[in-house]
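Asker: Residues in the sequence shown are numbered consecutively from 60, following my numbering.
From the three backbone atoms N, C-alpha and C, an ideal C-beta is built for every residue, glycine too.
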Amino acid sequence: MDKFEFGKSIIEKRFGSLQILKNQTERSFQAEKKIKKEKKLNLSCSKKAVINKNSITEYTGADKLSELLLINNKKIFNSKMEQIENENDFEDVYDFQGINLSLNIPPRLAYDNSTKEQYKKNELTLFNEWKKINYEYIFERNIEIWRQFWITCERSDIIIQIIDSRNPNFFINKDILKMYPNKKHVILSNKADLTNTKIKVEGFEFIYYSAVTNIQPVIDFLGNVKEKTIGFIGYPNVGKSSTINALLNKKKVKVSQTPGKTKFIQTIYFSDNKILLDCPGLVFPKHSKTNLLLNGILNVDKIVDLKSSLYDVLNFIGIEKLAKYYKFEVVKQKNTTLEEINFINSLACHRNLSVSQTIKNIVKDLFCGNIQYDKIEEKYNGNEEYEFDKQLE
């Protein structure tokens with residue numbers, strides 16, 4: 060018997076037939092491969108669910124900033140693990156009598172004698188119930204971001220909302236005043252150099268300024284108030300970071316035109332006895348996607364169905380204003396098609412761009428202040444039909 064036959068006989072004696080062993084090994088390998096494939100599929104589905112349900116910054120693409128979210132040096136994982144929907148009825152978990160779910164701010168659950176685990180469960184259930192009520196809107200769905208909002212408001216003596224002066228009623232959230240009636244409430248109306256609009260709202264003190272050209276009104280206000288802790292609240296991209304940097308005359312917080320740049324509470328010492336709390340930008344459940352887009356809240360580069368917003372974009376700004384800014388002559392013509400389609404097609408063709416890219420450029424020019432829509436004289440009244448096919452020299 061040669062060495063090969065001898066070795067074969069030993070293996071068969073110990074493990075049985077080599078063919079049987081081979082078949083068992085193959086079945087084991089295939090089973091392991093199947094398990095790995097299922098795990099990979101489940102992980103992929105889980106990730107997709109998180110992206111679809113969590114933070115507004117993920118919806119806009121701002122989650123690609125690779126910034127760590129921190130509260131009191133504790134890591135916060137933007138994961139579905141902490142936000143599993145409770146299938147039980149809300150009443151079975153917590154007595155919600157007296158809790159106001161009608162505000163566009165999630166209610167803060169009062170502390171009680173329950174255990175830490177039970178409190179966390181009740182808090183999450185309450186938050187999920189509030190989310191269900193507002194499901195039709197685009198808004199911040201990550202409870203960790205809202206916890207930072209609660210902390211900022213609770214610690215602050217003055218709650219400041221920073222808004223864009225060009226559309227103040229869009230940005231001002233009166234529900235913050237309802238939720239914290241015993242706090243002092245102030246509106247810092249940024250980008251006042253881009254508009255003539257000034258309003259008054261009961262319960263709020265208004266300060267108009269520009270973080271770029273005139274920060275002095277804010278400096279004077281902070282220097283005169285007696286309160287020591289001041290919280291800054293606002294939508295993404297309204298200029299909170301730019302305002303704080305201008306106040307300190309140095310770059311303390313990161314600034315970007317990408318919504319959602321600030322992702323954690325920042326404590327900033329304005330003076331020896333005054334502290335500024337910068338809360339991450341929040342989107343409240345009260346607006347349509349188009350309105351969020353037109354006011355710079357959503358990142359236009361991440362929106363794929365811009366054509367559906369064509370009429371809203373053009374009607375919001377005005378065709379005549381756009382024609383004047385882009386130096387297009389409005390030529391009167393009979394029997395034309397819809398003005399909006401005619402205009403956008405002509406503009407896109409002349410600039411050698413797609414319709415979607417042309418709409419993107421319009422939205423960006425509006426947000427950056429290049430198109431100052433309330434300072435351009437409006438001539439278009441919608442009663443006549445026009446063709447936009449000739450550029451002014």
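Hey, how far is the Cα of residue 185 from the Cα of residue 193?
Answerer: Locating residue 185 in the sequence shown gives position 126, counting from the first residue. Locating residue 193 in the sequence shown gives position 134, counting from the first residue. Approximately 13 Å, taken between the alpha carbons.
Asker: Buried or exposed for residue 286, going by 16 or more other Cβ atoms inside 10 Å?
Answerer: In the sequence shown, the residue the question calls residue 286 occupies position 227. So residue 286 ends up on the exposed side.
Asker: State the Cα-Cα distance for the pair residue 176 and residue 270, rounded to the nearest angstrom.
Answerer: Against the sequence shown, residue 176 aligns to sequence position 117. Against the sequence shown, residue 270 aligns to sequence position 211. About 44 Å.
Asker: Output the distance between the C-alpha atoms of residue 2 and residue 417, rounded to the nearest integer angstrom.
Answerer: Absent from the structure is residue 2, since the part of the chain shown begins at 60 and ends at 452.
Asker: I'd like to check one pair, residue 341 with residue 230: are the Cβ atoms closer than 8 Å?
Answerer: Locating residue 230 in the sequence shown gives position 171, counting from the first residue. Locating residue 341 in the sequence shown gives position 282, counting from the first residue. Result no, Cβ atoms of residue 230 and residue 341 do not sit closer than 8 Å.
Asker: By DSSP, does residue 340 sit in helix, in strand, or in coil?
Answerer: For the purposes of this step, residue 340 is taken as the residue at position 281 of the sequence shown. In the structure shown, residue 340 sits in coil (DSSP, three-state: anything other than H, G, I, E or B).
Asker: Below 8 Å on the Cβ atoms is my contact criterion, and I expect residue 324 with residue 381 to pass it. Report the Cβ-Cβ distance as a whole number of Å.
Answerer: Residue numbering aside, residue 324 sits at position 265 when the sequence shown is read from its first letter. Residue numbering aside, residue 381 sits at position 322 when the sequence shown is read from its first letter. About 40 Å separates the two Cβ atoms, so there is no contact after all.
Asker: Return yes when the Cβ of residue 399 is within less than 8 Å of the Cβ of residue 369, no when it is not.
Answerer: Counted from its first residue, the sequence shown places residue 369 at position 310. Counted from its first residue, the sequence shown places residue 399 at position 340. Contact flag set, yes.
Asker: When we look at the beta-carbon of residue 339 and count the other beta-carbons within 10 Å, is it buried (16 or more) or exposed?
Answerer: What you label residue 339 is simply residue 280 of the sequence shown in a count that begins at 1. Buried.
Asker: Taking DSSP as the reference, what is the three-state secondary structure of residue 367?
Answerer: Taking the sequence shown and counting its residues from 1, one reaches residue 367 at position 308. Residue state, collapsed to three classes: helix.
Asker: Bridge partners for residue 248 per DSSP, in chain order?
Answerer: Numbered from its first residue, the sequence shown carries residue 248 at position 189. Answer is 222, 267.
Asker: Just list the residues that DSSP pairs residue 325 with in beta bridges.
Answerer: Start at 1 with the first residue of the sequence shown, and residue 325 comes out as number 266. The partner list for residue 325 (beta bridge, DSSP) reads 337.
Asker: Mind the definition here: the segment 196-216 touches the segment 229-245 only if three or more C-beta pairs lie below 8 Å; say whether that holds.
Answerer: Result yes; three or more Cβ-Cβ pairs closer than 8 Å.
Asker: What number of angstroms, rounded off, separates the C-alpha of residue 197 from the C-alpha of residue 238?
Answerer: Locating residue 197 in the sequence shown gives position 138, counting from the first residue. Locating residue 238 in the sequence shown gives position 179, counting from the first residue. In a straight line, the C-alpha of residue 197 is about 21 Å away from that of residue 238.
Asker: Quick check on residue 192: does DSSP put it in helix, strand or coil?
Answerer: Taking the first residue of the sequence shown as 1, we reach residue 192 at position 133. Residue 192: helix per DSSP, three-state reduction.
Asker: Output yes or no for whether 8 Å exceeds the beta carbon distance between residue 334 and residue 384.
Answerer: Counting from one through the sequence shown, the residue named residue 334 turns up at place 275. Counting from one through the sequence shown, the residue named residue 384 turns up at place 325. Not a contact, by the Cβ cut-off of 8 Å.
Asker: Verify whether the separation of the beta carbon atoms of residue 373 and residue 402 is less than 8 Å.
Answerer: Position 314 of the sequence shown holds residue 373. Position 343 of the sequence shown holds residue 402. Taking 8 Å as the Cβ cut-off, residue 373 and residue 402 qualify as a contacting pair.
Asker: Report the option in 326, 411, 161 whose CA atom is closest to the CA atom of residue 235.
Answerer: As a first step, residue 235 must be located in the sequence shown, where it is residue number 176. Closest option to residue 235, Cα to Cα, is 161.
Asker: DSSP three-state label for residue 423, please.
Answerer: For the purposes of this step, residue 423 is taken as residue 364 along the sequence shown, with counting starting at 1. If DSSP states are grouped into helix, strand and coil, residue 423 belongs with the helices.
Asker: Where does the unbroken alpha helix (DSSP H) through residue 204 begin, and where does it stop?
Answerer: Position 145 of the sequence shown, counting from 1, holds the residue named residue 204. Start and end: 202-214.
Asker: Alpha carbon to alpha carbon, what distance is there between residue 354 and residue 375?
Answerer: Indexing the sequence shown from 1 puts residue 375 at position 316. Indexing the sequence shown from 1 puts residue 354 at position 295. Roughly 11 Å between the two C-alpha positions.
Asker: Can you tell me where the alpha helix (DSSP H) holding residue 349 begins and where it ends?
Answerer: As a first step, residue 349 must be located in the sequence shown, where it is residue number 290. From DSSP, the alpha helix (DSSP H) with residue 349 extends over 348-353.
Asker: Under the three-state reduction of DSSP, which class applies to residue 377: helix, strand or coil?
Answerer: On the sequence shown, position 318 is the one that residue 377 refers to. If DSSP states are grouped into helix, strand and coil, residue 377 belongs with coil.
Asker: So what does DSSP say about residue 408, is it helix, strand or coil?
Answerer: One-based indexing of the sequence shown puts residue 408 at position 349. Helix, per DSSP.
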